[in-house]
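Report on the following structure.
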Amino acid sequence: MTKFADIKGFVFDLDGVITDTSILHGTAWHQLADSLGVTWTKELGDGLKGISRMDSLEMILKAGHKENDYTQAQKEELAAQKNTNYVAEVDKMTPANILPGMKAFLDDLRAKGYQLSLASASKNAPRVLGKLGLTDYFPKIVDPASLKHGKPDPEIYTKGAELLNLDPAQCIGLEDAAAGVQAINGAGETSLGIGDATELGAADMVFADTSAVTLANIAKHLD
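Here the sequence shown is numbered in the working numbering, starting from 1422 and rising by one per residue.
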């Protein structure tokens, strides 16, 4: 088992760990559904979480019985419209959108000399970090365009450790989703899950929410 003293780096997921962009994705899809005359429901919104852009669009069109109304090119335009909506929502973000306790945790990591990288599948991650005022904390960001496989494949977390020039065993990965925890474990890093202990049961340690994530609490779990 990894000891706390062995840890040199932290590899962060973005959504649900540092900030909650899923709300913004929901708003952007809701706006698109409204413009298409598709009735928005909570069930529809929940069903889109963690699903790719094109698959989400298909789900919305199916919900409105419009899946055969658009060509592939038109669907791509609709997906691009959703992304425009989303970026407009991102641009309203401020440091107040950082999840509770995370800024203090990042400050503590930086003060104690830990290395940080970001392992987010979102192409908009650098923009989000900029709005949150956290760009300087993450000089190393895995480029999603360079990945062949998405989570739960470990590739993104393996790259997150490589960017820091660290062995995966020296890194802790932070995630709020089961697929992400699986990716961290597959990469050979220590997994820290944030959220429901049942859902994230495969993680090496689970914290109920971001405010519980501190170096002291992590050390307690590892030693």
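The C-beta atom is built at its ideal place from N, Cα and C for all residues, glycine as well.
Simplified DSSP state of residue i, which is helix, strand or coil
i	result
G1431	According to the sequence shown, residue 1431 is Phe rather than Gly. Residue state, collapsed to three classes: strand.
V1602	helix
M1475	helix
S1456	helix
S1543	coil
D1441	coil
D1644	coil
Beta-carbon proximity check, residue i vs residue j, cutoff 9 Å
i	j	result
L1530	F1425	no
T1515	G1554	yes
V1511	T1579	no
A1604	P1575	yes
K1572	G1601	yes
D1434	G1594	yes
A1484	T1460	yes
S1538	K1503	no
A1590	T1462	no
V1549	T1440	yes
Contact set for residue i: own chain, Cβ-Cβ below 7 Å, skip 5 residues either direction
i	result
L1587	K1429, G1430, Q1536
N1606	S1612, A1623
G1609	P1589, A1590
8 Å CB neighbourhood of residue i in its chain, flanking five on each side removed
i	result
K1544	P1565, A1566
6 Å Cβ shell around residue i - same chain, five flanking residues per side excluded
i	result
N1506	A1449, Q1452
The stretch 1622-1642 / the stretch 1517-1530 touching (three or more Cβ pairs under 8 Å): yes
Contiguous alpha helix (DSSP H) assignments of at least 4 residues, all confined to the stretch 1479-1513: 1493-1511
Kindly provide the ranges of any alpha helix (DSSP H) runs that are 4 or more residues long and lie completely inside the stretch 1584-1633, ordered along the chain. Taking 4 residues as the shortest admissible run, the stretch 1584-1633 contains the following complete alpha helix (DSSP H) segments, listed from N- to C-terminal end: 1599-1608.
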